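Here the structure is laid out as structure tokens; the discussion comes afterwards.
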Amino acid sequence: MTMTAPNEERRALERNYQFMRSLIKGSSLEWVVVRTNPNCEDRAFEGINAVGLTAYLPMMAECRRSKTRKKQFAVSCLMFPRYLFVGLDVNAGHTCDLVRKCDGVEKILSATLEGAPHRVPMREMLRIVDTACEAEVGRKLVKGQLFSIGDKVMLVAGVGAQLIGEVRSFRQGGELVRVELEAFGRVMNATVPVDKVSLG
């Protein structure tokens with residue numbers, strides 16, 4: 004069963020994930036992976052932020068069941084227990100030594116025996132952010148597509164994929180779009196989630 008956040012909370016989460024994507028793509032940060040001491044993810048996160056570095060602790064929603072009432076509820080949990088990501092601005096003089104001194108940090112992961120820290124490529128960081136967003140929000144992040152009424156769009160999934168149409172209206176706070184499509188010699192309307200269309 005997939006748990007999704009309520010609409011207002013979902014929009015706030017989507018904005019946060021959009022901001023994180025923009026930060027990863029638009030900055031010159033080099034991302035490293037930090038292993039924390041057991042149960043010290045929050046302590047390491049706060050310590051790293053306190054010294055002026057950028058830290059990212061991916062979260063996801065998990066379904067739990069109450070033992071007494073047998074009700075299901077969603078809680079946030081760590082996507083990678085004991086691991087978090089730190090963005091280093093080498094132009095500003097940030098080094099791994101600054102991270103190692105933070106409370107709660109056990110070590111920085113390295114790919115070689117010499118101990119050089121493993122740098123996480125930007126595409127991997129973006130994939131982690133997108134996966135975390137999908138896990139918490141319950142749907143894929145729409146990556147900066149802005150539609151206006153009258154724009155030509157293409158359906159990218161579901162029935163009628165690859166059909167071209169024109170945006171006619173929006174519903175549910177911009178989460179659904181009504182598209183006028185021409186197919187089989189006639190015009191028809193389709194209301195689809197925003198993440199199922201792209202600018203045509």
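All letters in the sequence shown, in the order written, are residues 4 to 203 by the working numbering.
Even glycine gets a Cβ: it sits at the ideal position worked out from N, Cα and C.
This one's a predicted model, so the numbers in the text were calculated from it and none came from an experiment.
Between the beta-carbon of G168 and the beta-carbon of V182, is there less than 8 Å? In the sequence shown, counting from the first residue as 1, residue 168 sits at position 165. In the sequence shown, counting from the first residue as 1, residue 182 sits at position 179. Yes. Within cutoff.
Whole-angstrom distance between T71 and E33, CA atom to CA atom: Mapped onto the sequence shown, residue 33 falls at position 30. Mapped onto the sequence shown, residue 71 falls at position 68. If you take the alpha carbons of E33 and T71, they lie about 47 Å apart.
Could you pull the DSSP bridge partners for V182 from this structure? Sequence index remark: in the sequence shown, residue 182 carries index 179 (1-based). Answer is V170, A193.
Please classify K110: does DSSP put it in a helix, a strand, or coil? Your numbering for residue 110 matches position 107 in the sequence shown. K110 falls in the strand class under three-state DSSP.
With the cut-off set at 8 Å, would you say L202 and V156 are in Cβ contact? Translated into positions along the sequence shown, residue 202 becomes position 199. Translated into positions along the sequence shown, residue 156 becomes position 153. Cβ atoms of L202 and V156: closer than 8 Å.
Check whether the segment 65 to 80 touches the segment 117 to 125, taking contact to mean three or more Cβ pairs, one atom from each stretch, closer than 8 Å. no
May I ask you to report which of helix, strand or coil DSSP gives Q75? As a first step, residue 75 must be located in the sequence shown, where it is residue number 72. Of the three classes helix, strand and coil, the one that applies to Q75 here is strand, per DSSP.
Terminal residues of the alpha helix (DSSP H) in which R130 lies: Within the sequence shown, residue 130 is the residue found at index 127, counting from 1. From DSSP, the alpha helix (DSSP H) with R130 extends over 125 to 140.
Considering just the uninterrupted stretch of the alpha helix (DSSP H) at L101, what are its terminal residues? For this step, residue 101 is matched to residue 98 along the sequence shown. Residues 99 to 103.
For the beta strand (DSSP E) that R38 lies in, which residues bound it at each end? In the sequence shown, the residue the question calls residue 38 occupies position 35. Where R38 is concerned, the enclosing beta strand (DSSP E) stretches over 33 to 39.
Burial state of M191 (16 or more Cβ within 10 Å): Counted from its first residue, the sequence shown places residue 191 at position 188. With fewer than 16 other Cβ atoms within 10 Å, it is exposed.
Any idea what DSSP makes of S69, helix, strand or coil? Translated into the one-based positions of the sequence shown, residue 69 becomes position 66. Looking at S69 - three-state DSSP - the assignment turns out to be coil, as it is neither helix nor strand.
According to DSSP, what are the bridge partners of K155? As a working note, residue 155 is residue 152 in the sequence shown. For K155, which the question treats as bridged, DSSP gives the partners E169.
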